[in-house]
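The number in the numbering used here is simply the position in the sequence shown, starting from 1, with 3 added.
Here is the structure we will look at, set down as structure tokens.
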Amino acid sequence: MVLYNLLMNQKIVAVIPAFNEYAKLSGVIEQTLKYVEEIIVIDDGSKRPLKDFLPSLPNLFTLRHKINLGKGAALKTGVEFAKMQKADFVVFIDADGQHNPSEIPSLMAPLAVDNADIVFGVRKFHDKMPLVARMGNIFLTQISQLLFRIKVSDTQSGFRAININIYPKIVWRSPRYSVETEMIVNAGKAKARFAEVPIQTIYHDKYRGTTVLDGIRIFFNMIYWRFL
């Protein structure tokens, strides 16, 4: 009830980056609309426009990149549009069903109750997570803590939420999967107030997230951000 009262006058907008996601996106949208006022889908250069496969709703906006620019670029497009929509809080959620929309209130709680600037969803690193993702995530998380003294437990989780006011201080340049890490680095530099909340670890039979090559790129980006 306390959380509900605090959020009554706050506008929550979900930003969903999507690329060729035709199977699960509609279901993600349907469930997410239970917890947010508006959804912004960024079609990041899908072969067939995602808008053709989505319902026409007054609180659903679909923005399209003509070519695939990457997750970081898609998230930036989404947040910029959310600002135009006068959002107070923005929640980032993936299009492939690997985040549970029913956990959005848990992400919102530290923003509304504790005045956090950014909230990170933290997964459990167990055998439900593909081995390459589990080992890469642990390695990148430890490196980020070593280089930047930022103790975020799951640096690669894309399920997170921000107060729109912090966005100018944490805005990222990474166009692709380094966005999650750069957001954390920038939050640390800005001395942003952050919180962590546990979230479900959901993986479907075909893993399409960060690859080994993406992990290598993220590692060298961290070296660049730290020393150059």
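We put the beta carbon where it would ideally sit given N, CA and C, even for glycine.
Report task. Tell me Asn166's beta-bridge partners as DSSP assigns them. Result -> Translated into the one-based positions of the sequence shown, residue 166 becomes position 163. Bridge partners of Asn166: Phe92.
Query - For Gln126, the residue or residues it bridges with in DSSP - result: For this step, residue 126 is matched to residue 123 along the sequence shown. Here residue 126 turns out to be Arg, not Gln, going by the sequence shown. For Arg126, which the question treats as bridged, DSSP gives no partner whatsoever.
Q. Does the beta-carbon of Ala149 have 16 or more other beta-carbons within 10 angstroms, so that it is buried, or is it exposed?
A. As a first step, residue 149 is located in the sequence shown; it is residue number 146 there, counting from the start. For the record, residue 149 in the displayed sequence is Leu; it is not Ala. By the neighbour-count rule (16 or more Cβ atoms within 10 Å), Leu149 is not buried but exposed.
**Q.** alpha helix (DSSP H) runs contained entirely in the stretch 41 to 109, provided each spans 4 or more residues
**A.** The stretch 41 to 109 contains these whole alpha helix (DSSP H) runs: 74 to 87.
- Is there contact between the stretch 38 to 54 and the stretch 112 to 129, where contact requires at least three CB pairs shorter than 8 Å? no
task: Find the nearest neighbour of Gly218 within the set Thr35, Leu143, Phe84, Asn103, judged by alpha-carbon distance.
output: For the purposes of this step, residue 218 is taken as residue 215 along the sequence shown, with counting starting at 1. Nearest C-alpha to Gly218: Leu143.
Measuring straight from C-alpha to C-alpha, what distance separates Phe162 and Phe230? The residue labelled residue 162 in the question sits at position 159 within the sequence shown. The residue labelled residue 230 in the question sits at position 227 within the sequence shown. Roughly 28 Å separates the two Cα atoms.
Within the same chain, show all residues whose beta-carbon is closer than 6 Å to that of Arg51, passing over the 5 residues directly before and after it, in chain order. Stepping through the sequence shown from its first residue, residue 51 is reached at position 48. Closer than 6 Å at Cβ, skipping near neighbours: no residue.
Check: Does the stretch 72 to 82 come close enough to the stretch 170 to 186 to have 3 or more Cβ pairs within less than 8 Å?
Finding: yes
Notebook entry, point to check: Excluding five sequence neighbours on each side, which residues of the same chain lie with their C-beta closer than 6 Å to the C-beta of Tyr25?
Noted result: Along the sequence shown, one-based indexing puts residue 25 at 22. Answer for Tyr25: Phe56, listed in chain order.
Next item on the list: Measuring only between beta-carbons, confirm whether Arg51 sits less than 8 Å from chain D.
Entry: Absent from the structure: chain D. Only one protein chain is present.
message: Could you check whether Ala21 and Ser49 sit closer than 8 Å to each other, using their CB atoms as the reference points?
response: Here residue 49 is taken as the residue at index 46 of the sequence shown, counted from 1. Here residue 21 is taken as the residue at index 18 of the sequence shown, counted from 1. Closer than 8 Å, so yes.
| query | Can you name, in chain order, every residue of its own chain whose Cβ lies under 8 Å from the Cβ of Ile96, other than the five neighbours on each side? | reply | By 1-based counting over the sequence shown, the position of residue 96 is 93. Same-chain partners within the cutoff: Ala17, Val18, Ile19, Val31, Thr35, His102, Pro104, Ile107, Gly161, Phe162.
Practice problem: Pull up the distance between the alpha-carbon of Met11 and that of Val215, whole angstroms please. | Solution: In the sequence shown, counting from the first residue as 1, residue 11 sits at position 8. In the sequence shown, counting from the first residue as 1, residue 215 sits at position 212. Spanning the two alpha carbons is a distance of roughly 43 Å.
Query - Distance, Pro171 Cα to Met87 Cα - result: On the sequence shown, residue 87 is found 84 positions in, with the first residue counted as 1. On the sequence shown, residue 171 is found 168 positions in, with the first residue counted as 1. Using only the alpha carbons, I get a separation of about 14 Å.
| field | Reference Lys194, options Met225, Thr80, Ala164, Phe151, closest by Cα | value | To locate residue 194, count along the sequence shown from 1; it is residue 191. If we check each option's Cα against that of Lys194, Phe151 comes out closest.
For this session: Classify Asp117 as buried or exposed, calling it buried when 16 or more other Cβ atoms lie within 10 Å of its own Cβ.
Result: Within the sequence shown, residue 117 is the residue found at index 114, counting from 1. So Asp117 ends up on the exposed side.
- [ ] Please name the residue, chosen from Val39, Ile167, Ile202, Met186, that lies closest to Glu83 on a Cα-to-Cα basis.
- [x] Against the sequence shown, residue 83 aligns to sequence position 80. Checked all of Val39, Ile167, Ile202, Met186; the closest Cα to Glu83 is Ile167.
Considering just the uninterrupted stretch of the beta strand (DSSP E) at Glu199, what are its terminal residues?
As a first step, residue 199 is located in the sequence shown; it is residue number 196 there, counting from the start. Counted as a single uninterrupted DSSP element, the beta strand (DSSP E) harbouring Glu199 occupies residues 197 to 201.
- Task: Taking only the alpha-carbon atoms, compute the straight-line gap between Ile226 and Ile165 and give it to the nearest angstrom.
- Result: Within the sequence shown, numbered from 1, the residue matching residue 226 stands at position 223. Within the sequence shown, numbered from 1, the residue matching residue 165 stands at position 162. CA-to-CA, the gap between Ile226 and Ile165 works out to about 25 Å.
Exercise for the section: Just the C-alpha distance for Leu28 and Gly100, rounded to the nearest angstrom, thanks. Expected result: Translated into the one-based positions of the sequence shown, residue 28 becomes position 25. Translated into the one-based positions of the sequence shown, residue 100 becomes position 97. Whole-angstrom Cα-Cα distance: 7 Å.
Worksheet entry | CB contact flag (Ile15, Phe92, <8 Å) | Here residue 15 refers to the residue found at position 12 of the sequence shown. Here residue 92 refers to the residue found at position 89 of the sequence shown. Against a cut-off of 8 Å, the Cβ pair of Phe92 and Ile15 comes out as a contact.
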